[in-house]
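Top line first, the protein sequences correspond to chains R and C.
Residue 77 is where the first sequence starts when you use our numbering, and the numbers rise one by one after that.
Residue 40 is where the second sequence starts when you use our numbering, and the numbers rise one by one after that.
Every residue, glycine too, gets a C-beta built ideally from N, C-alpha and C.
For reference, the structure discussed in these notes is given below.
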Amino acid sequence: DAMVIQNPRYQVTQFGKPVTLSCSQTLNHNVMYWYQQKSSQAPKLLFHYYDKDFNNEADTPDNFQSRRPNTSFCFLDIRSPGLGDAAMYLCATSEGDTEYNEQFFGPGTRLTVL
Amino acid sequence: AQKVTQAQTEISVVEKEDVTLDCVYETRDTTYYLFWYKQPPSGELVFLIRRNSFDEQNEISGRYSWNFQKSTSSFNFTITASQVVDSAVYFCALTTSLTISNFGNEKLTFGTGTRLTIIP
Chain R
77 DAMVIQNPRY QVTQFGKPVT LSCSQTLNHN VMYWYQQKSS QAPKLLFHYY
127 DKDFNNEADT PDNFQSRRPN TSFCFLDIRS PGLGDAAMYL CATSEGDTEY
177 NEQFFGPGTR LTVL
Chain C
40 AQKVTQAQTE ISVVEKEDVT LDCVYETRDT TYYLFWYKQP PSGELVFLIR
90 RNSFDEQNEI SGRYSWNFQK STSSFNFTIT ASQVVDSAVY FCALTTSLTI
140 SNFGNEKLTF GTGTRLTIIP
């Protein structure tokens, strides 16, 4: 089945130690998104790619970076994780070839910062 | 600015009861889409429905139904004959032409979610 895959599902890192979360998709969608979701809150968009075109949200901290080396993969890099960065990180995709496409989400990576 | 309000933080009902989840939205745009997503304990957000602002027809899919009322800016979601598998957090979301920076870059504005618990 075509899907959005996130690895790992659970990630533990230490305060200040860089960490990379990965997302891959078999849907061949143009757009890939990264969301941060803290406990009992709505997902918050960090940034997204339309093909190689990177779009950063104005309030996304510089500590968060992203890479999209090809259509299928997208990475979220947290350069110096703080305790406040512990959250669920959700990757999503959408076709991007028409307006108002629904987004398809991966299962998320739950990040713990010690 | 766009805003989605889900006033019900948590709801618990006994299995087989009907339950309605409320969603109220705000936007100045005349063209917009509304969505409902389900987030089970596993964490994945599952797409349920998309409705555009020009289509006020209610929709039914199995035990799920949606009532879109532009006059009250509401897009409510009803589950009939609820089942334990319906237990999840449900998010209502909005995207408008105002939140599209360029073609294909839709941005979803989410509500805060409603946690639904179905009691066996």
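Find out if the Cβ-Cβ distance for the pair residue i, residue j is shorter than 8 Å.
i	j	result
residue 118 of chain R	residue 150 of chain C	yes
residue 153 of chain R	residue 187 of chain R	no
residue 129 of chain C	residue 101 of chain C	no
residue 80 of chain R	residue 158 of chain R	no
residue 38 of chain C	residue 64 of chain C	Nothing can be reported for residue 38 of chain C, as the shown portion of chain C is limited to 40 through 159.
residue 106 of chain R	residue 127 of chain R	yes
residue 185 of chain R	residue 101 of chain R	no
For chain C, check one thing: does any of its Cβ atoms lie closer than 8 Å to the Cβ of residue i?
i	result
residue 192 of chain R	Given that chain R is displayed from residue 77 to residue 190, the structure contains no residue 192 of chain R and the question cannot be resolved.
residue 123 of chain R	no
residue 84 of chain R	no
residue 179 of chain R	yes
residue 183 of chain R	yes
Is residue i close to chain R, meaning its C-beta is less than 8 Å from at least one C-beta of that chain?
i	result
residue 98 of chain C	no
residue 65 of chain C	no
residue 90 of chain C	no
residue 146 of chain C	yes
residue 84 of chain C	yes
Could you work out which residues of chain C lie near residue i, taking near to mean beta carbons separated by less than 9 Å?
i	result
residue 160 of chain R	Going along chain C, no residue has its Cβ under 9 Å from residue 160 of chain R, so there is no contact; the nearest lies around 19 Å.
Run down chain C in chain order and give the residues with a C-beta less than 7 Å from the C-beta of residue i.
i	result
residue 118 of chain R	130, 149, 150, 151 and 152
Alpha carbon to alpha carbon, what distance is there between residue j and residue i?
i	j	result
residue 151 of chain R	residue 93 of chain C	37 Å
residue 86 of chain R	residue 110 of chain C	44 Å
residue 146 of chain C	residue 78 of chain C	19 Å
residue 179 of chain R	residue 119 of chain C	26 Å
residue 110 of chain R	residue 190 of chain R	22 Å
residue 67 of chain C	residue 40 of chain C	7 Å
Counting only Cβ pairs nearer than 7 Å, list the residues of chain R close to residue i.
i	result
residue 74 of chain C	178
Applying a beta-carbon distance threshold of less than 8 Å, which residues of chain R neighbour residue i?
i	result
residue 81 of chain C	183
Problem - the region 61 to 72 of chain C in contact with the region 103 to 121 of chain R per 3-pair CB rule at 8 Å - result: no
Handout entry: Contact between the region 121 to 135 of chain C and the region 163 to 171 of chain R (3+ Cβ pairs under 8 Å)
Key = no
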